[in-house]
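There are 2 protein chains.
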Amino acid sequence: MKVSEALEISRKIAEDVEKAVNRIAGSREAGVTVAMGKDGTPTKKIDRIAEDIALKILREHDLKIITEESGVVGDGETIVALDPLDGTFNASRGIPFYSIALCFSKTEALGGMFFAYVRDLASGTEYHSDGKSYRNGERIKVSETDDVRCNAIIYYPDRIYPFRRIRVFGSSALEICMVADGTFDCFIDIRKDGNGRGYLRVFDISASLFIARNAGAEISSLDGDDLWKKRFTMDERFRILVSGKNLHEKLLDVL
Amino acid sequence: MKVSEALEISRKIAEDVEKAVNRIAGSREAGVTVAMGKDGTPTKKIDRIAEDIALKILREHDLKIITEESGVVGDGETIVALDPLDGTFNASRGIPFYSIALCFSKTEALGGMFFAYVRDLASGTEYHSDGKSYRNGERIKVSETDDVRCNAIIYYPDRIYPFRRIRVFGSSALEICMVADGTFDCFIDIRKDGNGRGYLRVFDISASLFIARNAGAEISSLDGDDLWKKRFTMDERFRILVSGKNLHEKLLDVL
């Protein structure tokens, strides 16, 4: 599949999902649980609406799709990781901070990605990367700060950090893109469950990681390990640090 | 001053500030520091624009105004506490979460408030209270949950808490209103500086506290003390807990 085709498909999906989601965002109906997702979290009505629209379009193409609610669908050579609605809580409460994220990969590993797309469904702001990264068509790059007294997004602070400012908006795909474009200096997710596993799934973050990397970000696990050999599977979980190159080592020391 | 007049003035200010602020929100110009505010924090250009518009309208009336950038202005009997732009960082970066807050009081103490107004300047959502509290004209009330595994806004977590979900959006006036209308279960600010003083100023929170109280919220310091005898002064600082009544005592224990 060509990059131009991936962009065209992504944009069509995002526009259709945006219309449908915004029709019920903030309504009581939006947040009704309709099923249990294949990822083990409850599927809300607004998630289902978003995924149905996205899958209908994706299934017109020869793809293997990995998605939050339905798991793995199709058996094409090109892999698509899809989060049809990232920030379900916000969308269902009418908080204008939720997105759709999808990426295309030639291989089963994150390193095989060749195209990624994230759209802020409340504002319509569009991020994508074809190797270079863009916000509404304009090239973006990460911040160059080397000062840990920085503007951080962190899930969740568990002690006092040196950060100047902390934010938690509730859509990691969009928040990682806001590191890609320099709005924030870093995105950190240190959460772990009782077994020490992280919370982020592959479809939550792969698209935005590709966008951030191609905007100059350094990306790693909390131990500093590379993530690009990780695979597009339902059961992978991540704890990650995304920042500019001048800050990455310093943040690893802080965390 | 009558409540109807306070609403009319507030709405006129908010509409004018909204137009002006949204014209430069997200631009480089918005975040340029133009002076040092009377509160001791830098005044950005976007703050100055908002305050100039608000003060021009307020000064047509016989008021004593306490405001972030200019300090105390006028010597009328009715006191107005004004935050012309709460969420300056967000506004200057184009993140759609910033507000204007103002309240009217018969006395020098927070307990003298008789009208409060908060407007989400990105979405236009309007909160006000005249003794009852409203969101876009519809009565609102706080959540009734008694489960500490709740949806919390907290500046900033400094250890692991039992909350189900944590958010930090960056406009406390608006976030306290989102507790008033039940979108979130609590708002907590535990931050303190080297001298143990909080960060919230009187104009940051008084309007939204009045709205939250009249929507059924319990409001206190982190020690459980009443805040209504606190005075409208530039140097007061707050560390607070706002939640529904069923949750308040439990949260005081957790904090």
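For the record, the sequence lines run as chains B and X. Residues in the first sequence are numbered consecutively from 244, following this note's numbering. Residues in the second sequence are numbered consecutively from 244, following this note's numbering. Glycine included, every Cβ here is placed at the ideal spot set by N, Cα and C.
Unbroken beta strand (DSSP E) runs of no fewer than 3 residues, entirely contained in the region 254-283 of chain X, are found at 276-279, following chain order. The three-state secondary structure of B:H371, taken from DSSP, is strand.
Taking 9 Å as the threshold, the shortest C-beta distance from X:A365 to chain B falls below it. Taken in chain order, the whole alpha helix (DSSP H) runs of length 4 or more contained in the region 420-487 of chain X are 445-456. Contacts with chain B at 9 Å (Cβ-Cβ) do not include X:V391.
By the 16-neighbour rule on beta-carbons within 10 angstroms, B:S372 is buried. By the 16-neighbour rule on beta-carbons within 10 angstroms, B:A278 is exposed. As a beta-bridge residue in DSSP terms, B:M356 pairs with B:S348.
In terms of Cβ geometry, B:D428 and B:G467 do not form a close pair [threshold 9 Å]. Contact residues of the region 403-422 of chain X toward chain B are I403, R408, I409, R410, V411, F412, G413 (C-beta to C-beta distance below 7 Å).
Spatial neighbours of X:A352 in its own chain (CB-CB distance under 8 Å, excluding positions within 5 residues in sequence) are listed in chain order as W471, K472, K473, R474, F475. Against B:T426, the close residues of chain X are R336, G337, I338, in the order they occur along the chain (beta-carbon pairs closer than 9 Å). Not flagged as an interface residue toward chain B: X:Y370, since no C-beta distance is shorter than 9 Å.
Within chain X, the residues whose beta carbon sits less than 7 Å from that of B:F332 are R408, listed in sequence order. Not one beta carbon of chain B lies nearer than 9 Å to the beta carbon of X:D326. Close CB contacts of X:R480 within its chain, under the 7 Å cut and outside five residues either way in sequence, are with R440, G441, Y442, L443, R444 (chain order). Between B:S348 and B:F357 a beta carbon distance of about 7 Å is seen, short of the 8 Å cut, so the two are scored as contacting. Comparing alpha-carbon positions, the option among B:S414, B:L465, B:R410, B:Y377 lying closest to B:A423 turns out to be B:Y377. Inclusion of B:N333 and X:F332 in the CB contact set at 9 Å is not warranted, their separation being larger than that value. By the Cβ criterion, the region 280-287 of chain B is in contact with the region 303-314 of chain B, since at least three pairs of Cβ atoms, one from each stretch, lie closer than 8 Å.
When DSSP states are grouped into helix, strand and coil, B:N394 belongs to the strand group. Residues I433 of the same chain have their beta carbon placed closer than 8 Å to that of X:D401, with the five preceding and five following residues left out of the count. For X:S386, there is no enclosing alpha helix (DSSP H), since its DSSP letter is neither H nor E. Burial is judged here by how many other beta carbons sit within 10 angstroms of a residue's own beta carbon; B:D496 has fewer than 16 and is exposed. Short of 7 Å from the beta carbon of B:A365, and not among the five residues preceding or following it, lie these beta carbons of its own chain, in chain order: P339, F340, Y341. Boundaries of the alpha helix (DSSP H) around B:A297: 288-301. Residue nearest to X:A344 within the set X:L417, X:R382, X:L490 is X:L417 (criterion: CA-CA distance).
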